[in-house]
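A.B. asks: Take any residue in the sequence shown, note its place counting from 1, add 3, and you have its number in this note's numbering.
No residue lacks a Cβ here, since even glycine has one placed at the ideal position from N, Cα and C.
Have a look at this one.
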Amino acid sequence: MNIYQVEKLECPVTLFLCDGHVREGVIFLSPCSASHSGPETPLELFNDDAPFFAFRKADDSFSLVNKATICHLRFPPDSDAPPTFGHRLQVRMVFLGGEVLKGTLTLEAPEGKGRLQDFLNTHHGFFLLDSGPAHYLVNPLLICEIAPA
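This is the structure in structure tokens:
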């Protein structure tokens, strides 16, 4: 064992890049979250301050990927994830290349600030979209339009 190796958990993902490319592979999560008990979540990884993350492609090659180039990413739901609270809203969004994504967004906002526009204008970073069999993290800076479905 390498004494410099840091233990990480592997999470299979599909990256949808802003140039239209799609990449299958694995991201690496910490076994301990800085903000709650349990492992780091993909949402925490993508909303931390580091602009790049390690990615192992399907062919087992490694690269560092710039988070700002990710439109959205798909990953399997975590049955151990804590429940989310807030107003749930079905949405349909269109990205720069015309791709459409539909799912349920949880608007975690104070009373009276539960509109979709309020959420998008005050939320910084990626947000979670539940599409049933998969979860997505969405980069709001690369959405062309979004509306209730």
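Within the chosen definition, does the stretch 55-75 reach the stretch 14-30 through at least 3 CB pairs nearer than 8 Å?
C.D. replies: yes
A.B. asks: Would you give the residue range spanned by the alpha helix (DSSP H) that residue 125 belongs to?
C.D. replies: 119-125
A.B. asks: In the DSSP output, what is residue 66 paired with across the bridge?
C.D. replies: According to DSSP, which records beta bridges pairwise, residue 66 is partnered with 58.
A.B. asks: What does the alpha-carbon distance come out to for the pair residue 40 and residue 47?
C.D. replies: 13 Å
A.B. asks: CB-CB under 7 Å to residue 129, same chain, minus the five flanking residues each way: which ones, in chain order?
C.D. replies: 46, 49, 50, 140, 141, 142
A.B. asks: With DSSP collapsed to three states, give me the class of residue 47.
C.D. replies: helix
A.B. asks: What does DSSP give as the partner residues of residue 93 in its beta bridges?
C.D. replies: 107
A.B. asks: Which residue's Cα is closest to the Cα of residue 63: 104, 98, 26, 152?
C.D. replies: 26
A.B. asks: Since residue 150 is in the beta strand (DSSP E), which residue starts that stretch and which ends it?
C.D. replies: 146-151
A.B. asks: From 13, 19, 134, pick the residue whose C-alpha is nearest to that of residue 102; which is it?
C.D. replies: Of the candidates 13, 19, 134, the one whose C-alpha sits nearest the C-alpha of residue 102 is 19.
A.B. asks: Give me the Cα-Cα distance between residue 145 and residue 10, rounded to the nearest whole angstrom.
C.D. replies: C-alpha separation (whole angstroms): 32 Å.
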